[in-house]
Amino acid sequence: MLRLDHLAVSCLALEDGAGAVEAALGLPLAPGGQHAHMATHNRLLSLGPDLYLEVIAPDPAQTGPAWPRWFDLDRFTGPPRLTNWICATDDLDAALALAPEGTGTPVALARGDFRWRMAVPANGILPFDNRYPALIEWEGAAHPAPRLPDHGARLMRLEVAHPDAPALRAALASLNDPRVVVVAGPPALRAIIATPEGDRVLA
């Protein structure tokens, strides 16, 4: 069984991405941290007690890895935008056995006291043109969401667009979340987020 865990906004420079998201949502982001294995860093926003959004970018203070970064960040160009969604599972190996080919190989990772295993594709590119979710298995009870300041933002709808929508829906059969809607169209993500000032869109 998969469950929605967090959303990822990619950018070339973290401050630019954080500024774009704060302007779009009208809410401040919280500090995140560094990911030594991928040479990335992030900022975070609560979307409730068990869901959050991260803005992620290559970290110029770290030496780039000898392998492709997650979320296809090595090929990222253009303005900050919503590029990926991440689903959690209690058994990553079992989830990968049912996932499309190319979803990735488990990598053990850590940031502060957070510990997790994440499936990372060998080329950094997830199936269905990066529209299939990255898969994560948190180890222990520590999770970023409940530690973040809650500014009242909540995900109302996540639209996942792909030309082969029926195949993507079939691949997501173990995800039962009415907020996630797969639609036909060019590969894209669009999140509708409720805020105290009204609904806002991230794409």
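Going by UniProt numbering, the sequence shown opens with residue 1, and the numbers climb by one from there.
Backbone N, C-alpha and C define an ideal beta-carbon position, used for all residues, glycine too.
In this text, all values refer to a predicted model and were calculated from it rather than measured experimentally.
Short of 6 Å from the beta carbon of His37, and not among the five residues preceding or following it, lie these beta carbons of its own chain, in chain order: Leu109. Shown here for Pro187: same chain residues with a beta carbon closer than 8 Å to its own, the five before and five after excluded, namely Phe128, Asp129, Asn130, Arg131, Ala161, His162, Pro163 in chain order. DSSP places Trp70 in the helix class (H, G or I) of the three-state scheme.
Contact between the segment 175–183 and the segment 136–149 is absent: fewer than 3 CB-CB pairs across the two stretches fall below 8 Å.
Going by DSSP, Leu25 is part of the alpha helix (DSSP H) stretching over 14–25. Judged by DSSP in its simplified three-state form, Asn130 adopts helix. Within the segment 80–162, the runs of alpha helix (DSSP H) that reach at least 4 residues and sit entirely inside it are, in chain order, 92–98, 127–130. Under the three-state reduction of DSSP, Ala170 is assigned to helix. Note that the C-beta distance between Leu2 and Arg200 is not below 9 Å. The alpha-carbon separation between Pro65 and Ala39 amounts to approximately 6 Å. Between Ala153 and Ile193, the C-beta spacing is below 9 Å. Ile86 and Asp5 do touch by the CB rule: their CB atoms are close to 5 Å apart, below 8 Å.
Shown here, Arg179 sits in coil according to DSSP, grouped into three states, outside any helix or strand.
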